[in-house]
C-alpha cells in the first residue's frame, strides 16, 4: 500500500483486555509503515525476550517520577505496583516531523491524553459481545481464574466508556476492523 494522506496525525486506540488491540495494531503497522507506534515507559522489570527501547523503555522508579514531575508523560498510571506512561517528547517530535503517531493504551491513559492532547483521534475497540470477549480471554490460557475474573469485571467497566470516544470499532473480523480504523485515520482505500 502506498503512503497515504492522513487526516489526523495522532491516534489513540484503547479497549478492554482481550479485544484484540495488539493484533489490530500489528496489522495496521504492517499495512502502513509510515505510522510510528509510541513505546511506553515502565518501572517493571523486563520479561524474557523484552528489549529496552523496543518493547518498553525500562526506567528506575526515581527516573520515572522525575519525568512525571517535569510533565514528561502524556499519560501515566500505576498498575499492580508498576508504573506505565507515554513519554511526551518523542510523540511531539514525530508529530512535528509530520509522522503519524499511534498509541495503544488503557482507558485511563486515553482519558488523560484527551485532556492533554484533545486533537488526537480516539478510537475505542469493542468486542462483538461480552461472551466473545470472555471466550477470547479464556482462550489465551495465560491467566488463573482469579485474574480472568478481574479482567472481566474491568472490561465491563471499560465498555461503559465507549461513548466517550470519537469512534467505536467492533472487532468481529480483523480485516474489517482494520479497514474501519484506516478510514477513521484518513487513509485512502487500498
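Numbering (the numbering used here), first residue to last: 902 to 1091.
Every residue, glycine too, gets a C-beta built ideally from N, C-alpha and C.
Since we're looking at a predicted model, the values are computed, not measured.
Same chain only: Cβ atoms within 6 Å of residue i, ignoring 5 sequence neighbours per side
{"i": "residue 912", "result": "1003, 1022 and 1086"}
{"i": "residue 1000", "result": "937"}
Which of helix, strand or coil DSSP assigns to residue i
{"i": "residue 991", "result": "helix"}
{"i": "residue 1010", "result": "helix"}
{"i": "residue 919", "result": "coil"}
{"i": "residue 1018", "result": "coil"}
{"i": "residue 960", "result": "coil"}
{"i": "residue 982", "result": "coil"}
{"i": "residue 1031", "result": "helix"}
{"i": "residue 1005", "result": "strand"}
{"i": "residue 976", "result": "strand"}
{"i": "residue 1000", "result": "coil"}
{"i": "residue 1062", "result": "coil"}
{"i": "residue 1055", "result": "helix"}
{"i": "residue 924", "result": "helix"}
Chain-order list of residues whose beta-carbon lies under 7 Å from that of residue i (same chain, five-residue window excluded)
{"i": "residue 1018", "result": "911 and 975"}
{"i": "residue 1034", "result": "917, 919, 920, 1028 and 1056"}
{"i": "residue 1009", "result": "978"}
Residue range of the beta strand (DSSP E) that includes residue i
{"i": "residue 952", "result": "It is not in any beta strand (DSSP E) - residue 952 carries neither H nor E in the DSSP assignment."}
{"i": "residue 1042", "result": "No beta strand (DSSP E) holds residue 1042; DSSP gives it neither H nor E."}
{"i": "residue 1071", "result": "1068-1071"}
Beta carbon of residue i nearer than 9 Å to that of residue j
{"i": "residue 973", "j": "residue 995", "result": "no"}
{"i": "residue 942", "j": "residue 966", "result": "no"}
{"i": "residue 1031", "j": "residue 1068", "result": "no"}
{"i": "residue 915", "j": "residue 1006", "result": "yes"}
{"i": "residue 978", "j": "residue 1013", "result": "yes"}
{"i": "residue 929", "j": "residue 1083", "result": "yes"}
{"i": "residue 985", "j": "residue 944", "result": "yes"}
{"i": "residue 988", "j": "residue 958", "result": "yes"}
Identity of the residues DSSP links to residue i by a beta bridge
{"i": "residue 933", "result": "Answer is none; residue 933 lacks a bridge partner."}
{"i": "residue 1023", "result": "913"}
{"i": "residue 942", "result": "958 and 986"}
9 Å Cβ cutoff, residue i in contact with chain B
{"i": "residue 1032", "result": "Given the protein chain composition of this structure (a single chain), no chain B is represented."}
Proximal residues to residue i (C-beta, below 8 Å), its chain only, five neighbours per side dropped
{"i": "residue 918", "result": "1038, 1052, 1055 and 1056"}
{"i": "residue 1066", "result": "915, 1011, 1023, 1024 and 1025"}
{"i": "residue 1075", "result": "921, 924, 925 and 928"}
{"i": "residue 1079", "result": "925, 928, 929 and 932"}
Span of the alpha helix (DSSP H), counted from its first residue to its last, around residue i
{"i": "residue 1077", "result": "1075-1086"}
The ligand FAD heavy atom lying under 8 Å from the CB of residue i
{"i": "residue 998", "result": "The ligand FAD is not part of the structure shown, which contains no ligands of any sort."}
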